[in-house]
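2 protein chains.
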Amino acid sequence: MNICIVGLGLLGGSTALGLKAKDSSYRIIGVDNDREHAAQALVGEIADKIMSLEEAVQHADVVILATPVNVIIKQLPEVLDMVGRNVVVTDLGSTKEQICATVRDHPKRGQYVAAHPIAGTERSGPGAAFPELLLGKQMILCERDRSDIEALEIVENLFKLKLNMRVSYMEAAAHDRHIAYVSHLSHISSFALSTTVLDKEKDELSIFEMAGSGFSSTVRLAKSSAQMWVPIFSQNTKNISSALGSYIKNLQRFKDIIDAQDEEGASAEITRANDIIRVLSGIEK
Amino acid sequence: MNICIVGLGLLGGSTALGLKAKDSSYRIIGVDNDREHAAQALVGEIADKIMSLEEAVQHADVVILATPVNVIIKQLPEVLDMVGRNVVVTDLGSTKEQICATVRDHPKRGQYVAAHPIAGTERSGPGAAFPELLLGKQMILCERDRSDIEALEIVENLFKLKLNMRVSYMEAAAHDRHIAYVSHLSHISSFALSTTVLDKEKDELSIFEMAGSGFSSTVRLAKSSAQMWVPIFSQNTKNISSALGSYIKNLQRFKDIIDAQDEEGASAEITRANDIIRVLSGIEK
Numbered sequence: 001m002n003i004c005i006v007g008l009g010l011l012g013g014s015t016a017l018g019l020k021a022k023d024s025s026y027r028i029i030g031v032d033n034d035r036e037h038a039a040q041a042l043v044g045e046i047a048d049k050i051m052s053l054e055e056a057v058q059h060a061d062v063v064i065l066a067t068p069v070n071v072i073i074k075q076l077p078e079v080l081d082m083v084g085r086n087v088v089v090t091d092l093g094s095t096k097e098q099i100c101a102t103v104r105d106h107p108k109r110g111q112y113v114a115a116h117p118i119a120g121t122e123r124s125g126p127g128a129a130f131p132e133l134l135l136g137k138q139m140i141l142c143e144r145d146r147s148d149i150e151a152l153e154i155v156e157n158l159f160k161l162k163l164n165m166r167v168s169y170m171e172a173a174a175h176d177r178h179i180a181y182v183s184h185l186s187h188i189s190s191f192a193l194s195t196t197v198l199d200k201e202k203d204e205l206s207i208f209e210m211a212g213s214g215f216s217s218t219v220r221l222a223k224s225s226a227q228m229w230v231p232i233f234s235q236n237t238k239n240i241s242s243a244l245g246s247y248i249k250n251l252q253r254f255k256d257i258i259d260a261q262d263e264e265g266a267s268a269e270i271t272r273a274n275d276i277i278r279v280l281s282g283i284e285k
Numbered sequence: 286m287n288i289c290i291v292g293l294g295l296l297g298g299s300t301a302l303g304l305k306a307k308d309s310s311y312r313i314i315g316v317d318n319d320r321e322h323a324a325q326a327l328v329g330e331i332a333d334k335i336m337s338l339e340e341a342v343q344h345a346d347v348v349i350l351a352t353p354v355n356v357i358i359k360q361l362p363e364v365l366d367m368v369g370r371n372v373v374v375t376d377l378g379s380t381k382e383q384i385c386a387t388v389r390d391h392p393k394r395g396q397y398v399a400a401h402p403i404a405g406t407e408r409s410g411p412g413a414a415f416p417e418l419l420l421g422k423q424m425i426l427c428e429r430d431r432s433d434i435e436a437l438e439i440v441e442n443l444f445k446l447k448l449n450m451r452v453s454y455m456e457a458a459a460h461d462r463h464i465a466y467v468s469h470l471s472h473i474s475s476f477a478l479s480t481t482v483l484d485k486e487k488d489e490l491s492i493f494e495m496a497g498s499g500f501s502s503t504v505r506l507a508k509s510s511a512q513m514w515v516p517i518f519s520q521n522t523k524n525i526s527s528a529l530g531s532y533i534k535n536l537q538r539f540k541d542i543i544d545a546q547d548e549e550g551a552s553a554e555i556t557r558a559n560d561i562i563r564v565l566s567g568i569e570k
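Quick mapping for you: the protein sequence lines, in order, are chains A and B.
The opening residue of the first sequence carries number 1 in this note's numbering; numbering runs sequentially from there.
The opening residue of the second sequence carries number 286 in this note's numbering; numbering runs sequentially from there.
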């Protein structure tokens, strides 16, 4: 089977490596506008061949778009225009509503499966890719009813059987609403934490001498790239704004409690927050 | 050498285990008001003996206070009152200014060394203790000039030579100012992130199905206990309030940028936040 992966970064590269590790008969055709990334992907045996997008889709049985979400929105209808009737197209974008809307009325809509793997690290580029990234993780498929059964089967076969992912289904709007809270908000909380402490560093040069594992855990996502995240913010503005608004309100309430030295109030807030233990025991198991 | 450890939780327990692993001649006398924790500490060989505080300090060469900071403030002058002239007292509290102020004029002030190890996890209690917690971590000592040279030597010997910690010195006020940014603020950002998403769960039952490693990293500290953290907020109110105020301002600016779909602005913010890579490479090495 020929699999064309467009975008040979962390996610595209890890998908290629994971599939090849499981089944050596897969032939990966890589597409990347960044020549250096393309060359790295060949050397790192992420891709067996590098082609232009136009050429690659002619040879592919499956096309996986693993580019930033603003690029996916542009590429997805173009790729559907180009592919033959038996080719399946999927994407790995972190937003789903606008991407799905773009091809809602496309004559080959049935050949497309909207996907989002809940996996990643704060690193990027083909050098960050590793075969285990997706193994055992959650894969969300959206607008299932708009995909042909055969297309769904092929995509599920790849992610569920080959990469051992847990597949679940969701409406695109619900996906974007939820992911704003459990992923996009976490990234913004880290970006702002980073700039807050970096600003303070101007007056207090040695401030980071005292930073330990707690700080690094909360700020780790601030390493994430603007190229990937700015388009996500643009495509999920309403939901992110609402999540961020609630977060700021909760922080302000916390600040008021601390300013008032209200120990009972602080204790109640922390105890409420501790309920996350129930949730994390599920994620970390 | 008899070492009395008051508070047999994560930090006190790990100190005991780390010291015993390095030098089996240390005899640990444990003190804990929580009978269950005391019993657990005996079974887990954290403590060789459990005594009351009054009895323990009579047998100790070194007393280490590893209780919450509101308890340290109460216990520290009492312990200094009780101990003989050759006994050294130290504490492991996450705030230093108020604790140091409490004993500034104590006749035995020189026997006390104000310490704060930059180490911890979001877990608590003797069951969470492990011998490696402190190894190779940073140990901040404050108000060095107010401690006797002999007392400093004994404390440095324990933490630097036995636990291989990197010792540095700082004024208590600077310590509290810095730690508000690189530790206390991280905890509050996690507590508020937790309550924000838990609130949303009331409407969106399956919201945590999509939570992955990024979310769990930013929210992990929200498992931390109220018993430990409420007194820290009370003792470091001014600095925490200032850090939290800056954080809220940065988040609000981020929200304004997202609401305006200002892609250049978002890109600039993220690029600025990415500078944390320089800092984290130092912490994570």
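Backbone N, C-alpha and C fix where the C-beta goes; we use that ideal spot for every residue, glycine too.
These figures come from a predicted structure and were not determined experimentally.
With 8 Å as the threshold, decide whether the Cβ of residue i is near any Cβ in chain B.
i: A:Thr237; result: yes
i: A:Leu244; result: yes
i: A:Thr218; result: yes
i: A:Ile64; result: no
i: A:Ala128; result: no
i: A:Asn250; result: yes
i: A:Asp159; result: The question names Asp, but residue 159 of chain A in the sequence shown is Phe. So, not an interface residue.
i: A:Ser189; result: yes
i: A:Met210; result: yes
i: A:Val290; result: An answer regarding residue 290 of chain A cannot be provided, because it is not within the stretch 1 to 285 covered by chain A.
i: A:Arg177; result: yes
i: A:Ala114; result: no
i: A:Leu10; result: no
Between the Cα of residue i and those of the options, spot the shortest distance and give me the residue it belongs to.
i: B:Glu382; options: B:Leu304, B:Ser566, B:Asn521, B:Glu548; result: B:Asn521
i: A:Phe254; options: B:Thr480, B:Phe444, B:Asp560, B:Ile403; result: B:Thr480
i: A:Met1; options: A:Gly13, A:Lys20, A:Gly12, A:Ser14; result: A:Lys20
i: B:Thr556; options: A:Asp275, A:Ser234, A:Leu221; result: A:Leu221
i: A:Glu122; options: A:Trp229, A:Lys160, A:Glu201, A:Asp256; result: A:Trp229
i: A:Ile28; options: A:Asp259, A:Gly44, A:Arg35, A:Glu36; result: A:Gly44
i: A:Ser281; options: B:Glu549, B:Ser498, B:Ile562; result: B:Ser498
i: B:Leu575; options: A:Val279, A:Tyr169, A:Ile99; result: It is not possible to answer for residue 575 of chain B, since the shown part of chain B is limited to 286 through 570.
i: B:Phe493; options: A:His106, A:Gly30, A:His175, A:Ser94; result: A:His175
i: A:Ile73; options: A:Ala60, A:Thr90, A:His59, A:Phe191; result: A:Thr90
i: B:Asn318; options: B:Lys508, B:Ile439, B:Ala341; result: B:Ala341
i: B:Ser475; options: B:Arg462, B:Ile562, B:Arg389, B:Lys508; result: B:Lys508
i: B:Val398; options: B:Ala404, B:Lys422, B:Arg370, B:Arg429; result: B:Arg429
i: A:His178; options: B:Pro516, B:Glu489, B:Val440; result: B:Glu489
i: B:Val372; options: B:Pro392, B:Ala345, B:Val316; result: B:Ala345
i: B:Asp433; options: B:Met450, B:Pro392, B:Leu446; result: B:Pro392
i: B:Thr503; options: A:Leu251, A:Ile3, A:Ala173, A:Ile188; result: A:Ile188
i: B:Gln396; options: B:Ala413, B:Val347, B:Glu417, B:Thr352; result: B:Val347
i: B:Tyr466; options: A:Ser246, A:Asp48, A:Ser216; result: A:Ser216
So, are the CB atoms of residue i and residue j less than 8 Å apart?
i: B:Leu295; j: B:Ile331; result: no
i: A:Leu134; j: A:Leu163; result: yes
i: A:Leu65; j: A:Leu76; result: yes
i: A:Ser94; j: A:Ser225; result: no
i: A:Gln40; j: A:Pro126; result: yes
i: A:Ile240; j: B:Ile543; result: yes
i: B:Ser453; j: B:Gln423; result: yes
i: B:Ser519; j: A:Gln261; result: yes
i: B:Met367; j: B:Glu321; result: no
i: B:Ser471; j: A:Leu193; result: yes
i: B:Ile403; j: A:Met170; result: no
i: A:Val103; j: A:Pro231; result: no
i: A:Ile248; j: B:Ile533; result: yes
i: A:Leu17; j: A:Phe159; result: no
i: B:Arg394; j: B:Arg431; result: yes
i: B:Leu529; j: A:Leu244; result: no
i: B:Val316; j: B:Ser299; result: no
Does any C-beta atom of chain A lie closer than 8 Å to the C-beta of residue i?
i: B:Tyr281; result: Given that chain B is displayed from residue 286 to residue 570, the structure contains no residue 281 of chain B and the question cannot be resolved.
i: B:Lys508; result: yes
i: B:Tyr466; result: yes
i: B:Asp319; result: no
i: B:Lys570; result: Residue confidence is low: B:Lys570 scores 48 on pLDDT, short of 50, so the model does not pin down where it sits. Its coordinate-derived value is still stated next. No, B:Lys570 does not count as interfacial toward chain A.
i: B:Asp544; result: yes
Segments of 4+ residues assigned as alpha helix (DSSP H) that fall wholly inside the segment 433-475 of chain B = Counting only runs of 4 or more, we get 434-441, 457-464.
Which of the residues in the segment 354-385 of chain B, read from start to end, lie with their CB under 8 Å from any CB of chain A?
-> Residues passing the 8 Å Cβ filter: none.
Note down, one range per segment and in chain order, each beta strand (DSSP E) of at least 3 residues found wholly within the segment 53-118 of chain A.
-> 62-65, 88-91, 112-118
Report the residues of the segment 195-208 of chain A with a CB closer than 9 Å to any CB of chain B, ordered along the chain.
-> Thr195, Thr196, Val197, Leu198, Asp199, Lys200, Glu201, Glu204, Ser206, Ile207, Phe208
Interface positions of the segment 263-276 of chain A facing chain B (Cβ-Cβ less than 7 Å), listed along the chain = Glu263, Ala266, Ser267, Glu269, Ile270, Thr271, Arg272, Ala273, Asn274, Asp275, Ile276
Can you list, in chain order, the stretches of the alpha helix (DSSP H) that have 4 or more residues and sit fully within the segment 524-569 of chain B?
-> 548-558, 561-568
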